[in-house]
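Student: Protein chains in written order, with UniProt numbering: chain A, 1 to 347; chain B, 1 to 347.
My questions will all concern the structure given below.
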DNA sequence: TTCGATAATAAAAACGTTTTATTTTAGGAT
DNA sequence: ATCCTAAAATAAAACGTTTTTATTATCGAA
């Protein structure tokens with residue numbers, strides 16, 4: 001490997017001069033600089049990142065972390081959501097020449113020293129983007145206490161104390177439900193996108209419940225189904241709901257995959273959509289378009305981009321200010337599954 | 001940040017003793033060691049990775065690289081393929097306490113110094129897993145020339161000179177085609193999973209062509225459609241094929257998403273599957289199961305795992321041996337779309 | 001006792017940078 | 001010529017480890 005010493009020797013100058021010339025951190029005589037740069041290029045010199053990081057205390061690396069065991073790291077997000085998040089993050093980091101470290105772990109439930117804390121302590125990265133934290137994640141507190149830069153992407157509930165970027169899941173759920181209520185439904189069921197311990201799921205559930213309560217509707221236990229990322233869970237939910245003595249007339253699906261499952265079940269049993277069962281969902285994925293499902297956008301690409309931007313902002317300034325909470329706008333894309341499009345056409 | 005000096009001072013020993021005790025690299029008196037370890041734990045000491053890396057010349061980091069611009073990094077793999085690959089890689093690296101760096105770039109077409117080369121020169125990682133290389137990627141040569149550990153995942157064509165892990169795309173395409181030939185088809189079309197410049201696409205195409213030629217069938221230009229990762233491209237392909245004066249009676253789809261598009265088109269137009277059009281594909285995704293598409297497994301989770309294992313093996317030994325090429329087994333999962341299942345039932 | 005050998009510890013060097021402090025050089029003004 | 005200043009370059013310190021080399025303590029044998 002060619003080091004700064006090699007360049008210095010070849011150019012007949014000291015290593016500090018090489019450093020100054022290369023980084024532009026101090027004035028160097030034009031002709032000297034030109035000579036140095038030529039040699040650097042010729043010998044393919046690139047400063048060793050460990051050595052550089054040791055003195056600058058910077059790694060130029062940001063970590064994307066998910067508090068799930070590796071076995072279900074990606075399954076939760078399902079579909080292409082996680083890809084889009086990654087892509088948004090990557091594009092922004094790429095521009096500023098930052099690297100992306102990917103890591104996951106259960107939140108210290110198993111390991112003695114949680115992986116993320118270890119990575120922070122050994123200064124393997126400059127900051128961390130945390131994806132989908134559970135409700136009780138004390139680790140986030142541990143990091144922020146140490147003034148370590150943290151941005152939560154895909155959740156907004158801890159807003160008071162830590163930076164975050166997300167759509168407003170509560171608000172979207174609230175609006176989705178209001179949408180069905182406005183169409184005259186009163187028996188509305190809810191499929192949770194995943195276990196309620198996840199903040200996203202809790203938020204969406206709360207938004208649903210509050211809209212119902214506010215409209216004076218009953219929130220029934222048998223109108224709640226805890227689903228997962230698979231279409232099958234939507235299918236199962238529909239099956240369960242429609243087997244009730246008093247089945248719901250509308251469903252708020254927690255994610256598009258579940259909505260697709262509902263549609264599959266309905267088609268299979270000859271249940272009319274939206275006639276017999278109205279349906280709204282979250283995500284507005286390609287599948288929603290294909291299946292004619294009304295769905296609210298949750299633009300993970302945008303969330304990733306804004307999350308990375310916020311992180312770079314944090315890294316760029318010395319004094320930390322108050323936590324910032326970026327809300328990515330969302331809109332309900334109305335298709336045939338909820339009945340509103342039809343109502344409009346009938347008018 | 002607490003350093004090794006703090007531990008040494010607190011324990012009343014030299015820093016070398018702390019290092020020896022912590023790493024177990026030299027004998028330390030039991031009681032001294034116990035005292036040191038207690039302090040390390042109490043003060044939450046974790047060796048600084050840059051400092052450690054500087055002297056050991058190890059980063060304990062492996063990079064996963066894709067030679068695509070960030071804008072379409074993940075789209076090519078489509079569906080959840082990339083997720084599965086990542087998961088397989090992650091699980092293996094996790095076990096050995098290796099970190100995963102994610103990077104992408106066009107292969108130096110734009111940047112003066114390709115990003116991957118820069119990362120290698122600055123020793124930001126110990127080795128790289130390269131995903132989906134194009135045919136002419138001279139960068140791979142540049143890395144291997146420098147004896148930098150490289151494993152290609154998801155392609156096997158450069159086998160002679162560089163380590164790789166993949167299914168045998170050529171063989172699978174060959175077998176898929178033979179399967180249709182055996183069912184009596186002679187007019188068979190091929191949808192490429194993506195641009196032919198990608199090795200995977202070329203391999204699958206070659207396997208198809210060779211099977212056809214070997215069976216004495218004509219390989220027609222109008223029976224080739226260059227698709228992409230979207231279902232729509234399969235739809236378009238079917239549309240194009242069936243508009244021909246002499247339409248094919250069977251199609252080898254390059255990936256499941258395309259096969260789904262073909263099914264969508266067929267259903268829409270009332271074209272019988274497999275009666276009017278037989279179909280086989282690659283991937284065996286959840287969608288293939290849902291749509292009853294016969295599809296050959298291409299287990300990216302397994303590819304990721306084996307790729308990471310091979311990388312760790314390379315990093316574990318000093319002298320490099322001959323390049324190794326791991327082939328992940330594949331099998332055709334027969335469903336209704338090809339006609340073989342029906343044939344069996346009729347018997 | 002003294003000598004050696006061995007075990008435990010300490011000291012010092014090295015890793016490759018950046019950064020701060022110091023020295024040299026050049027050029028103008030006196 | 002001499003002095004001063006600014007510019008350019010160098011030297012040296014620091015970053016936090018690991019690793020190699022050196023020193024000290026301990027103990028058994030002569």
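Cβ coordinates follow ideal geometry from the N, Cα and C atoms, glycine included.
What runs of the alpha helix (DSSP H), each 4 residues or longer, lie entirely inside the UniProt domain "HTH lacI-type" (2–56) of chain B?
Tutor: 4–11, 15–23, 30–42 and 49–56
Student: Going by DSSP in three states, residue 144/B sits in which element: helix, strand or coil?
Tutor: helix
Student: Nearest-angstrom Cα distance between residue 77/B and residue 244/A?
Tutor: Since pLDDT at residue 77/B reaches only 47, below the 50 mark, its modelled position is unreliable, and no value is offered.
Student: Please name the residue, chosen from 173/B, 198/B and 340/B, that lies closest to residue 182/B on a Cα-to-Cα basis.
Tutor: 340/B
Student: Along the chain, where does the alpha helix (DSSP H) containing residue 233/B start, and where does it finish?
Tutor: 231–242
Student: If residue 254/A sits next to residue 195/A, beta carbons under 8 Å apart, how far is it from one beta carbon to the other, in whole angstroms?
Tutor: The beta-carbon distance between residue 254/A and residue 195/A, rounded to whole angstroms, is 11 Å. This is too long to meet the 8 Å contact definition.
Student: Give me the chain B residues within the contact set of residue 49/A, using Cβ-Cβ distance strictly less than 7 Å, ordered along the chain.
Tutor: 122, 123 and 124
Student: Does residue 59/B come out as helix, strand or coil in the three-state DSSP assignment?
Tutor: Residue 59/B: coil per DSSP, three-state reduction.
Student: Using CA coordinates, which residue listed in 162/B, 217/B and 204/B is at the minimum distance from residue 186/B?
Tutor: 217/B
Student: Can you give me the C-alpha to C-alpha distance between residue 130/B and residue 164/B, rounded to a whole angstrom?
Tutor: 9 Å
Student: Kindly indicate which residue of 229/A, 184/A, 177/A and 215/A has the alpha-carbon position closest to the one of residue 205/A.
Tutor: Answer by Cα proximity: 177/A.
Student: Would you kindly work out how many angstroms separate the C-alpha atoms of residue 150/A and residue 81/B, rounded to a whole number?
Tutor: 29 Å
Student: So which residues of chain A does residue 82/B contact, with C-beta pairs closer than 8 Å?
Tutor: 83
Student: Run through the DSSP bridge pairs and tell me what residue 131/B is partnered with.
Tutor: Looking at the DSSP output, residue 131/B bridges to 153/B.
Student: Under 7 Å, CB to CB, which of the residues in the segment 187–206 of chain B have a partner in chain A?
Tutor: none
Student: What distance in whole Å lies between the Cβ atoms of residue 132/B and residue 435/B, which are believed to be in contact at a cut-off of 8 Å?
Tutor: Limits of chain B in this structure are 1 at one end and 347 at the other, which puts residue 435/B out of reach.
Student: With 8 Å set as the bound, which would you pick, yes or no: does the beta-carbon of residue 23/B sit closer than that to a beta-carbon of chain A?
Tutor: no
Student: Closer than 9 Å, Cβ to Cβ, to anything on chain B: give me those residues from the segment 27–50 of chain A, in chain order.
Tutor: 44, 45, 46, 47, 48, 49 and 50
Student: Spatial neighbours of residue 191/A within its chain, please: CB distance less than 6 Å, with the 5 preceding and 5 following residues excluded, ordered by chain position.
Tutor: Result list for residue 191/A: 225, 227, 237, 253, 254 and 258, in chain order.
Student: Can you tell me where the beta strand (DSSP E) holding residue 327/A begins and where it ends?
Tutor: 325–327
Student: Go through its chain and collect everything with a Cβ distance to residue 16/B's Cβ below 7 Å, but skip five positions before and after it.
Tutor: none
Student: Listing by chain order, which chain A residues have their CB less than 8 Å from the CB of residue 100/B?
Tutor: 101, 102 and 103
Student: Does any CB atom of chain B fall closer than 8 Å to the CB of residue 54/A?
Tutor: yes
Student: Count the C-beta pairs between the segment 55–65 of chain B and the segment 266–276 of chain B that are closer than 8 Å, then say yes if the count reaches three, no if not.
Tutor: no
Student: Among 214/A, 105/A, 68/A and 153/A, which one has its Cα closest to the Cα of residue 86/A?
Tutor: 153/A
Student: Say whether chain A places a C-beta atom closer than 8 Å to the C-beta of residue 90/B.
Tutor: yes
Student: Using a cut-off of 7 Å between C-beta atoms, extract the partners of residue 118/A located in chain B.
Tutor: 46
Student: Taking residue 235/B as the reference, give the member of 247/B, 260/B and 213/B with the closest Cα.
Tutor: 260/B
Student: Touch check for the segment 321–340 of chain A and the segment 297–305 of chain A: three-plus C-beta pairs under 8 Å?
Tutor: The segment 321–340 of chain A and the segment 297–305 of chain A touch, with no fewer than 3 CB-CB distances between them shorter than 8 Å.
Student: I believe residue 169/A touches residue 219/A by the beta-carbon criterion, under 8 Å. Please report the beta-carbon distance rounded to the nearest angstrom.
Tutor: The Cβ separation is near 18 Å, so there is no contact.
Student: Using only the alpha-carbon positions, how far apart do residue 174/A and residue 99/B sit?
Tutor: 40 Å
Student: Whole angstroms is fine: what's the gap from residue 105/B's alpha carbon to residue 128/B's?
Tutor: 14 Å
Student: If we call anything under 8 Å between Cβ atoms a contact, is residue 39/A one with residue 7/A?
Tutor: A contact, by the Cβ cut-off of 8 Å.
Student: For residue 273/B versus residue 263/B, is the C-beta spacing smaller than 8 Å?
Tutor: Cβ atoms of residue 273/B and residue 263/B: closer than 8 Å.
Student: When DSSP builds the beta bridges, which residues end up paired with residue 285/A?
Tutor: DSSP links residue 285/A through a beta bridge to no other residue.
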